[in-house]
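Notes follow once the structure below has been shown.
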Amino acid sequence: MKACKLSSLAIGLTYASFAALTLFNWLATTLPLGLKAIAKLAWLTIPGDLGLSVSLLTVALLFLSSAYFDPGTVKGAASMLVGCIVGVAVLAMQLLVVAAGVADAALTCLAGEAAEYALSEGLLRPDVLLGLGPLALTPYSWRRAKSLVEAPQGSIATY
């Protein structure tokens, strides 16, 4: 249980830091504040996208609340499960964007025109790489939430 709490805390803090970076990049590219955007962090592309920042912050708050409330409680398990679902959904949306870009480049090539597409720019983003953590935690969080809310065998559940 302690490892689950630590992993929720680590994932939540990582999501929060990347949410702050994407929000900073959005502010630097949108408002004339004289800020310089951080285009790359090591090999990771950091976009200036407000929507991505909000979704990363949502996942961060869900995982941090899962670490705050014990993952053995209903609140903690529900926070972790919803955080995993939203994190995997953000990952899936970016993978669909990458697949659409590849299909667009392929159709352009089939039409006889030259097309360039950088696959690494679409895959080396925070939403893709951070989504691997919630993807790995989804089966555990599902089992944990299910075990907390289902009735014991042989009993009649009343609502």
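Mapping to our numbering: the sequence shown position 66 is 86, numbers consecutive. All C-beta atoms, glycine included, are put in the ideal place defined by N, C-alpha and C.
Reference residue i; option with closest CA among the options
| i | options | result |
| --- | --- | --- |
| M113 | T50, D147 and I66 | D147 |
| K25 | L43, T50, L84 and T78 | L84 |
| N45 | L70, K95 and A30 | L70 |
| L76 | L33, K95, T93 and A125 | L33 |
| V94 | A48, A165 and K56 | A165 |
Environment of residue i [buried if 16+ CB atoms lie within 10 Å]
| i | result |
| --- | --- |
| I58 | exposed |
| S167 | exposed |
| L139 | exposed |
| V110 | buried |
| C104 | buried |
| L157 | buried |
Assumed close pair residue i, residue j - CB separation to whole angstroms, cut-off 8 Å
| i | j | result |
| --- | --- | --- |
| A97 | Y35 | No, A97 and Y35 are not in contact; Cβ-Cβ is about 18 Å, not under 8 Å. |
| S37 | P91 | Actually they do not touch by this definition, with Cβ atoms about 22 Å apart. |
| L64 | L149 | 7 Å |
Secondary structure of residue i, DSSP reduced to three states
| i | result |
| --- | --- |
| L64 | strand |
Next item on the list: Within the stretch 67 to 135, note down every full alpha helix (DSSP H) run reaching 4 residues or more, in order along the chain.
Entry: Taken in chain order, the complete alpha helix (DSSP H) segments of 4 residues or longer contained in the stretch 67 to 135 are 70 to 88 and 94 to 130.
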